Amino acid sequence: MQKHTKFEPFTEVTPTSPIAADSHGGRAKCLQRLVRLELPVPATVALPFETVHNIAKGHFPDTERLLGYFKEGTLLSVRPSSEDPDWGGPGAVLNIGMTDRRHLELSQTHGEDAAHSLYLRFIQAYAVHVARLDADDFDAMSPSAEGVKAALALFEEETEEQFPQDPARQLTQVMRSMARAWEGTTARLLRQARGAPADAGLGLVVQEMALGVGPGESGSGVIRFIDQATGEARINGRYRRQSLNRDALRKSDEAMYLVKDPRGASLQEEAPEAFKRLNRYADICRSRLREEMEIEFTIENGKLRVLDAVRTQRSTRATLKVAVSLAEEGIISRDDALLRLPPRALNELLHHQVDPAAKRDVIARGIAASPGGATGKLVFSGQAAQQCAARGEPCILVRRETTPEDIRGMHVAEGILTERGGMTSHAAVIARGLGLPCIVGASGLRLSVQRKTLQTADGRVFGEDDIISIDGSAGEAMAGAVPLLEPFFDDDFETFLGWAREAGDVGIRVNADSPEDARLALDFGAQGIGLCRTEHMFFEPERMAVMRGMIFAETEDDRSAALEQLLPMQREDFTALFEIMSGRPVCIRLFDPPLHEFLPSDREGMRQMAEALDLPLSDVIHRVDSLSEFNPMLGMRGVRLGVTMPQIYDMQARAIFEATVQASKAGDPVVPEIMIPLVSARREVELVKTRIDAVAAAVRNETQTEFTYRLGVMVETPRAALRAADIVQHSAFLSFGTNDLTQMTYGLSRDDADRFMGDYVRQGVYPEDPFHTLDVEGVGELLLLGAERARSQVPDVTLSVCGEHGGDPETIAFVRQAGFNYVSCSPYRVPVAQLAIAQLAI
Ligand code: PEP
Ligand code: MG
């Protein structure tokens with residue numbers, strides 16, 4: 001290729017040579033940094049991507065000139081240097097330059113064993129990587145005079161050529177084989193799977209070998225300064241005498257301890273000077289590269305050389321610990337620390353995780369609805385889950401889909417698996433709220449609740465008491481128990497989140513409907529409650545009966561009687577939330593019960609209901625029948641209930657205000673926020689507002705206490721977004737309920753989405769499940785439009801998102817851009833949201 005600027009086919013790595021990760025690869029760049037830090041790196045020459053690409057096509061650079069950078073007779077290594085180390089690359093080849101002559105010379109200077117070992121290693125590598133001979137044939141040979149002879153003979157026999165005795169030719173051939181390996185189809189597909197672009201280049205690093213074999217203290221090793229699992233300062237790694245490069249890691253049985261150890265010899269004692277210097281280098285890397293590095297080193301007759309240093313691989317927990325330590329020591333800023341962890345990675349610290357090393361016998365796949373890992377006995381009903389838990393046995397609750405009747409079982413189960421449902425179905429929403437691992441829409445399963453069996457797509461049948469595991473982060477259910485890693489939040493986690501909160505510029509509230517949720521949210525630093533789904537307060541069986549009594553009431557009197565029972569319960573609920581949140585905003589959504597979630601679906605459920613309500617079974621069946629809707633998600637929900645049966649919202653408003661008075665007496669003044677769900681017309685808001693105002697006046701009068709409240713609307717129908725300018729006239733705030741808004745914008749039932757979502761995403765119809773990540777093109781457009789229209793009338797109206805998307809980092813970026821005031825999400829997603837917002841704000 002003709003270039004106007006002078007193209008350098010290779011460059012010696014010096015502190016000032018023009019080397020960059022995007023032209024020479026990450027390893028070359030990193031070595032240059034080490035050279036700049038004056039670490040004892042052997043002479044190194046870097047070949048850029050273009051040179052390597054040319055080599056693959058058969059155009060070689062001037063190898064003699066390249067060799068001119070090294071002392072005559074030096075052995076060399078060639079190692080890959082891709083832009084991102086995670087993209088992989090061909091294996092390193094060591095000891096280039098070993099010939100019969102060098103073999104003889106080294107036998108004299110370094111001893112026969114060392115010379116045999118060096119030569120044999122090279123013959124093996126050359127035979128396998130360059131001549132493409134069978135590795136097994138060469139592996140068997142031992143590093144002895146006979147072994148070397150046999151290897152040379154085998155090479156000649158197989159290739160019908162003499163083993164090359166010219167270092168320049170050896171080097172050329174090694175570079176060619178590595179360049180070609182990179183361009184091969186398998187290698188390309190592999191790295192593309194790891195995120196590399198199709199045209200990712202490979203650089204090569206040619207380096208003088210430091211010989212860890214030979215006289216005096218000679219050996220090689222790898223040293224780390226942190227524990228890779230915890231991030232704590234702890235020296236670990238390996239050193240092995242008379243070894244080259246990473247041999248020490250491969251043959252652990254012969255390795256030496258690094259730090260003084262009663263069990264045997266250690267580098268610290270045997271080569272104290274080298275050990276001290278390695279520690280010093282680690283400090284230098286830490287302060288100047290601002291990273292915990294793992295150092296690959298060789299000791300050559302007592303002389304320490306650093307071959308390479310890379311960022312120490314580590315767990316999320318360790319990444320967080322290191323980031324916090326570096327910031328606390330002033331090496332990096334707090335902002336830098338916050339940028340070192342992707343927000344979703346926090347999930348690994350908040351929930352149990354399936355050990356990444358665990359073997360997985362996957363029996364079903366579904367939607368990864370709530371993160372974390374769990375193992376337990378299979379149970380097929382909420383009741384069985386409770387019995388199991390009472391025996392102290394962990395269980396996984398499997399249901400076709402969950403309903404409020406399952407709530408107790410869900411509370412005690414370790415994890416939840418449903419055959420049906422999508423990202424915002426009952427099971428998913430509740431599981432996320434509880435922080436329980438959950439998979440929904442595992443449609444390959446055949447579930448028989450009657451027989452209590454679960455049949456997988458490959459025909460295996462699992463019954464009650466069989467152990468299964470689920471990975472809610474990956475959406476995989478597995479046979480048997482898998483090892484789990486414990487959740488982990490310590491002081492560092494607290495500190496880190498504290499910094500995130502300080503850096504954030506969008507509010508974060510929590511979707512909470514119980515005192516436990518509220519307390520947890522406060523622990524995580526949520527600023528208030530953004531969505532209290534009041535119907536969730538009635539999922540407990542005793543309360544459910546009262547709720548059902550109200551739903552079933554046919555006369556005004558019956559309804560009033562039921563509401564009278566509900567009032568004190570709600571008053572208590574709200575008082576508790578107000579007290580816990582001590583003056584922070586609490587946004588209470590008036591009832592929005594999709595009726596199917598509150599009515600029994602089978603005969604047994606109806607029988608129990610008849611018993612609880614003291615009604616004949618036939619009455620119950622008849623009433624359930626008359627209340628049944630073809631599409632309950634679009635039926636008598638939300639404000640429609642409030643408009644047609646206004647006493648229900650009256651009761652809730654009264655409970656809220658009485659709780660306001662009570663909680664304000666004891667503590668900080670409360671200004672409750674009341675939110676109307678499923679609005680689609682301004683008149684709905686007017687009707688509800690008029691009645692709520694009247695209730696407020698009555699309670700003020702009765703209690704002789706002043707208080708205010710804020711009334712807001714949930715924008716979760718497309719019409720509400722379109723008519724936002726109109727609807728906002730009566731609203732202090734608008735909160736976008738993106739679950740329903742997504743459902744209605746797509747015309748896609750949130751409970752049935754699983755039926756085709758997998759196919760749709762696989763075939764690229766939708767880039768992602770829109771119930772998971774906001775569809776910015778469609779639903780997002782409605783958000784922007786609604787926000788703009790609302791602000792045109794009430795410029796300072798408070799805007800927020802309280803659908804499940806509120807905890808999703810990409811959605812958060814979108815609404816932040818649109819200037820929303822806060823997001824609200826389930827408690828365990830609060831830390832993720834905090835970090836996402838902080839990173840956007842930095
Ligand atoms: C929504 O629809 O986005 C919402 C938050 O309400 P729910 O999920 O309770 O319908
Ligand atoms: Mg909704």
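Per the UniProt record's numbering: the sequence shown = residues 1 to 842. All C-beta atoms in this analysis are idealised placements derived from N, C-alpha and C, irrespective of residue type, glycine included. All of these numbers come straight from a predicted model, not from anything done at the bench.
Nearest-angstrom Cα separation, counted from Ser514 out to Ala384 | So the two alpha carbons sit approximately 24 Å from each other.
Report whether the distance from the Cβ of Asp769 to the nearest heavy atom of the ligand PEP is below 7 Å.
-> In this structure, the C-beta of Asp769 stays at least 7 Å away from each heavy atom of the ligand PEP.
7 Å Cβ shell around Tyr281 - same chain, five flanking residues per side excluded = Cβ within range, chain order: Leu39, Ile295 and Val306.
Look at the Cβ atom of Ile19, then the Cβ atom of Ala46, and state whether they are nearer than 8 Å.
-> For Ile19 and Ala46, yes; Cβs fall inside 8 Å.
Residues near Ala576 in its chain [Cβ-Cβ closer than 7 Å; skip 5 each side] = Same-chain partners within the cutoff: Pro515.
Neighbour-count burial assignment, Pro272, 16 or more Cβ in a 10 Å radius | In summary, Pro272 is exposed, with fewer than 16 beta-carbon neighbours lying within 10 Å of its beta-carbon over all protein chains present.
Could you spell out where the beta strand (DSSP E) holding Ser81 opens and where it closes?
-> First-last of the beta strand (DSSP E) with Ser81: Leu76 to Ser82.
Around the C-beta of Thr14, are 16 or more other C-beta atoms found within 10 angstroms, so that it is buried, or is it exposed?
-> Thr14 counts as exposed, since fewer than 16 other beta carbons sit within 10 angstroms of its beta carbon.
Taking 8 Å as the CB-CB cut-off, is Ile648 touching chain B?
-> Going by chain labels, chain B is absent from the structure shown, which holds only one protein chain.
Roughly how many whole angstroms lie between the Cα atoms of Arg533 and Cys587?
-> Rounded to whole angstroms, the gap between the alpha carbons of Arg533 and Cys587 is 9 Å.
Are the beta-carbon atoms belonging to Ser77 and Val213 less than 8 Å from one another?
-> It is not a contact, given that the beta carbons lie outside the stated cut-off.
Distance cut-off 7 Å: Gly530 Cβ against heavy atoms of the ligand MG = Flag unset: Cβ of Gly530 not near the ligand MG.
Flag this pair as yes or no: are the beta carbons of Glu804 and Phe771 separated by less than 8 Å?
-> Taking the C-beta atoms as reference points, Phe771 is found nearer than 8 Å to Glu804.
For the ligand PEP, is there a heavy atom less than 7 Å away from the beta-carbon of Asp752?
-> Checking the Cβ of Asp752 against the ligand PEP gives no.
Would you say Gly421 and Ala428 are within 8 Å of each other, going by their C-beta atoms?
-> Result yes, Cβ atoms of Gly421 and Ala428 sit closer than 8 Å.
At what residues does the beta strand (DSSP E) containing Asn236 begin and finish?
-> That run of the beta strand (DSSP E) goes Ala233 to Arg241.
Consult DSSP for Val354 and reduce its assignment to one of helix, strand or coil.
-> Note: Val354 maps to strand in three-state DSSP.
Is Phe736 closer than 8 Å to Leu783 when the C-beta atoms are compared?
-> With contacts defined as CB atoms closer than 8 Å, Leu783 and Phe736 qualify as a contacting pair.
Would you kindly work out how many angstroms separate the C-alpha atoms of Tyr709 and Met636, rounded to a whole number?
-> Rounded to the nearest angstrom, the two C-alpha atoms are 27 Å apart.
May I ask which residues mark the beginning and end of the beta strand (DSSP E) holding Phe630?
-> DSSP places Phe630 in no beta strand (DSSP E); its state is neither H nor E.
Look at the Cβ atom of Arg121, then the Cβ atom of Leu244, and state whether they are nearer than 8 Å.
-> Yes, Cβ-Cβ distance for Arg121 and Leu244 is below 8 Å.
Do you know how far the Cα of Gly203 is from the Cα of Lys29?
-> Rounded to whole angstroms, Lys29 to Gly203 spans 10 Å at the Cα level.
C-alpha gap between Ile284 and Gly819, whole angstroms | Approximately 43 Å, taken between the alpha carbons.
DSSP state of Val546 mapped onto helix, strand, coil | Helix at Val546.
Around the C-beta of Pro215, are 16 or more other C-beta atoms found within 10 angstroms, so that it is buried, or is it exposed?
-> If you draw a 10 Å sphere on the C-beta of Pro215, you find fewer than 16 other C-beta atoms in it, and that means exposed.
Assigned exposure category for Asp139 - 16 Cβ within 10 Å defines buried | Using a 10 angstroms sphere on the CB of Asp139, the tally of other CB atoms stays under 16, which defines it as exposed.
Is the beta carbon of Cys587 within less than 7 Å of some heavy atom of the ligand PEP?
-> No - the ligand PEP has no heavy atom lying nearer than 7 Å to the Cβ of Cys587.
Sort out for me which residues DSSP pairs Ala368 with in a bridge.
-> The partner list for Ala368 (beta bridge, DSSP) reads Ile439.
Cβ-Cβ distance between Ala309 and Leu34 below 8 Å = Yes; because the gap between Cβ atoms is below 8 Å, this pair is in contact.
Got a sec: does the ligand MG put a non-hydrogen atom nearer than 7 Å to the Cβ of Asp465?
-> Asp465: no, Cβ never under 7 Å from the ligand MG.
When every heavy atom of the ligand MG is checked, does at least one fall within less than 7 Å of the C-beta of residue 859?
-> Lying outside 1 to 842, the shown extent of the chain, residue 859 is not represented and no answer is given.
Could you pull the start and end residues of the alpha helix (DSSP H) that residue 850 belongs to?
-> Given that the chain is displayed from residue 1 to residue 842, the structure contains no residue 850 and the question cannot be resolved.
In the DSSP assignment, what are the bridge partners of Gln207?
-> Its beta-bridge partners are Thr44 and Ser77.
C-alpha gap between Arg36 and Thr16, whole angstroms | The alpha-carbon atoms of Arg36 and Thr16 are separated by roughly 8 Å.
In terms of residue numbering, what span does the alpha helix (DSSP H) encompassing Thr742 cover?
-> Run containing Thr742: Thr738 to Tyr746, per the alpha helix (DSSP H) assignment.
Under the three-state reduction of DSSP, which class applies to Thr811: helix, strand or coil?
-> In this structure, DSSP gives Thr811 a helical state, which the three-state scheme calls helix.
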